[in-house]
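Chemist:
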Amino acid sequence: MVFCLAIPAEAQWTRGGAGRAWVKTAAFWQRTEQRFNELGERNDWFGAGRSDARALFTDVIVGIHPRLDIWVQAPYFDLRFDNSADSLRTTGFGDLRAWLRWNFATLGNGSTPMSLRLGAKAPIGSSPLDAQIIPVGDGQWDLETFAEVGHSFWPFPAYGEIWLGYRLRSRDDEKLKDPGDEIVFLAEFGVNPSGGTLLKATFDGFVGGNWVVEGVETGSRRRITSLQVTGGAKLVRQIWTEIGVKLSLAGRNFPAGPQFVVGFSTEVR
20 MVFCLAIPAE AQWTRGGAGR AWVKTAAFWQ RTEQRFNELG ERNDWFGAGR
70 SDARALFTDV IVGIHPRLDI WVQAPYFDLR FDNSADSLRT TGFGDLRAWL
120 RWNFATLGNG STPMSLRLGA KAPIGSSPLD AQIIPVGDGQ WDLETFAEVG
170 HSFWPFPAYG EIWLGYRLRS RDDEKLKDPG DEIVFLAEFG VNPSGGTLLK
220 ATFDGFVGGN WVVEGVETGS RRRITSLQVT GGAKLVRQIW TEIGVKLSLA
270 GRNFPAGPQF VVGFSTEVR
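Add 19 to the 1-based position in the sequence shown for the numbering used here, that's all there is to it.
The following block contains the structure:
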C-alpha cells in the first residue's frame with residue numbers, strides 16, 4: 020500500500036502547441052498515527068503504529084498541438100512504518116503515469132475548455148510479496164479516462180474546474196489479486212488576488228470497488244476524499260512556488276491525517 024496519494028491538479032487548458040512545456044515538482048509529507056479502517060472509521064494503527072511518508076512528484080506536460088498535449092508523472096517515495104513490534108522503511112521510484120489530453124471543444128470565446136484525457140499507469144515501482152517490505156507501487160497496470168471542464172471568470176481573476184474519471188485496474192497475477200476499479204473526481208476553485216499570487220481549494224479523491232483475492236470477491240475496497248488548501252506566489256519570471264495542506268475528510272483502508280505540500284512549477288516556451 021502506498022501511503023501518499025497524489026492526484027495531479029492543474030487547469031485543463033492544453034499547453035498551446037509544439038514546443039511549449041510545463042514542469043512541476045511537489046513534495047508531500049504525512050506523519051500520522053491514525054488510519055481509516057475497513058469500515059471507514061478513523062482509528063489508531065495496531066500496535067501503536069505510526070506512518071511517516073514522504074513523496075516527491077514530478078509532472079511534465081508537453082504541447083504537441085494547440086489542442087493536444089502529453090502529460091507524464093513520476094513519483095519517488097520514502098516510506099516508513101513503525102509499531103511496537105517492528106520498524107519498516109522503503110525508498111524508491113513509484114509507478115509511472117502518462118496521459119494524452121485532447122481539448123475537443125472551447126466555449127464562451129475561449130473561457131470554458133472541455134477536454135478528454137486517456138492514460139495508463141505502468142507498474143514500475145517495487146511491489147514485493149514480502150510483508151516486511153513496504154511497497155512503493157501497486158504491482159499492476161491501470162488504464163484511465165477523464166472528462167474535464169474548466170471555466171475562467173475573467174475579468175474577475177478566478178477559475179474553476181471539474182474532473183470525473185474512471186480507472187480500470189488490471190489483475191496482479193503475482194499476488195492473485197484483482198483490485199477494484201475506481202471512480203476518480205476533482206473540483207478546484209482558484210483566485211489570483213494579484214498577478215503574482217494564487218489561492219486555491221481542491222476537493223478530490225476516488226471510490227474503489229471490491230477487491231477479488233484468489234478468485235473470491237471480498238468486502239475490502241479503498242477510497243479517500245480530501246480537501247487541499249494552497250497558496251502560491253511567483254518568484255521570478257515564470258517560476259511559481261506553492262505551499263498547502265491536504266486534509267483527509269473520509270476514507271477506507273487508507274492512512275488518515277493531514278499531508279503538507281510544497282511545490283515549484285514553471286512554463287517553458
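We put the CB at the ideal spot given by N, CA and C, even for glycine. Given the structure is predicted, the values throughout are model-derived calculations rather than measurements.
#1: Do Leu75 and Ile153 come within 8 angstroms of each other at the CB atom, strictly closer than that value?
#2: With a threshold of 7 angstroms on Cβ separation, who are the neighbours of Tyr178 within its own chain once the five nearest residues in sequence on each side are excluded?
#3: Measuring alpha carbon to alpha carbon, tell me which residue in Thr109, Trp90, Ile258, Val264 is nearest Trp48.
#4: Looking at chain B, is there any beta carbon in it that lies within less than 8 angstroms of the beta carbon of Arg242?
#5: Using a 10 Å radius around the Cβ and a threshold of 16 neighbouring Cβ atoms, would you call Ile262 buried or exposed?
#6: Between the stretch 53-62 and the stretch 273-283, do three or more beta carbon pairs fall short of 8 angstroms?
#7: Under three-state DSSP, which class holds Asn122?
#8: So, Phe225 versus Val248, is the Cβ gap smaller than 8 angstroms?
#9: Would you kindly work out how many angstroms separate the C-alpha atoms of Thr77 and Gly250, rounded to a whole number?
#10: Alpha carbon to alpha carbon, how far is Thr110 from Ala139?
#11: For Thr237, write down the residues that DSSP places opposite it in a beta bridge.
#12: In terms of alpha-carbon separation, which member of Thr237, Arg136, Phe96 lies closest to Lys196?
#13: My assumption, with CB atoms under 8 angstroms, is that Tyr185 sits in contact with Asp200. Please give the rounded CB distance.
#14: Near Ser130, which residues of its chain fall below 7 angstroms by C-beta distance, leaving aside the five closest residues on each side in sequence?
#15: Nearest CA to the CA of Arg190: which residue from Asn229, Leu107, Asn102?
#16: Given a threshold of 16 other Cβ atoms within 10 Å of its Cβ, counted over all protein chains shown, does Ala28 qualify as buried or as exposed?
Modeler: Let me spell this out:
#1: no
#2: Ala30, Gly169, His170, Ser171, Phe172, Gly209
#3: Val264
#4: No chain B appears in the structure shown, which is made up of a single protein chain.
#5: exposed
#6: yes
#7: strand
#8: no
#9: 19 angstroms
#10: 23 angstroms
#11: According to DSSP, which records beta bridges pairwise, Thr237 is partnered with nothing at all.
#12: Thr237
#13: 7 angstroms
#14: His170, Ser171, Trp173
#15: Asn229
#16: Caution applies to Ala28, whose pLDDT of 46 falls short of 50 and renders its modelled position unreliable; the value that the coordinates give is listed next. Flag for Ala28 reads buried.
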